[in-house]
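As structure tokens, the structure follows; a few thoughts come after it.
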Amino acid sequence: MNVMTLTKSRTSIFRVDRMTCPADHRLALEDRLAIIHGYFDTLPGCLYNKVAIADGGEAVHIVTVVEWESQKALNDAKAKVADFYGAIGFDPKAFMAERGIVAEFGTYAGLAI
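Quick look at the structure:
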């Protein structure tokens with residue numbers, strides 16, 4: 019029998035967001051994701067940044083995965099994103115509510131396996 023030991027890897031942190039979006043609002047959400055994920059790539063500590071989509075007919079399911087080099091890098095990014103949103107006048111909660119987008123947000127530590 020194989021025994022696997024799971025331990026935290028490095029100090030990297032993964033931010034994983036899952037969204038269900040009515041198909042009618044897909045393009046608006048994709049436009050916003052392109053803006054913010056493009057911005058993530060300019061921030062220090064962003065190691066990995068991907069967006070994936072599954073078409074569910076009347077709704078689409080989108081998952082984003084961003085790996086940050088540390089909790090500090092993630093915290094710094096959150097502050098910069100808040101400033102960025104303020105500068106462009108964007109309210110993500112209102113945007114999602116107005117379009118019926120349901121989201122689940124999570125932060126995970128990496129595992130060395």
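Following the numbering used here, the numbering of the sequence shown begins with 19 at its first residue and continues without gaps.
The beta carbon of each residue, even a glycine, is placed where N, CA and C say it ideally should be.
Close CB contacts of LYS90 within its chain, under the 6 angstroms cut and outside five residues either way in sequence, are absent.
Closest option to VAL120, judged by alpha-carbon separation, among CYS64, VAL81 and ALA52: VAL81.
By the criterion of at least three beta-carbon pairs nearer than 8 angstroms, the stretch 65–76 is not in contact with the stretch 109–123. Out of ALA112, GLY75 and ALA95, the CA that lies nearest to the CA of ASP42 is found in GLY75. A check of alpha carbon separations from ARG36 across ALA95, LEU129 and VAL83 identifies VAL83 as the nearest.
DSSP, reduced to helix, strand and coil, places PRO110 within a helical segment of the structure shown. Comparing C-alpha distances from THR38 to each of GLY56, ASP59 and PHE123 shows the shortest one belongs to PHE123.
In this structure, ARG33 lies near LEU92, with their beta-carbon atoms less than 9 angstroms apart.
Taking the Cα of GLU85 as reference, the smallest distance to any Cα among ALA97, ALA127 and TYR103 is reached at ALA127. Rounded to the nearest angstrom, the gap between the Cα atoms of ALA77 and GLU48 is 13 angstroms. Relative to the Cα of TYR66, the nearest Cα in the group GLY107, ILE31, ILE131 and ALA112 belongs to ILE31.
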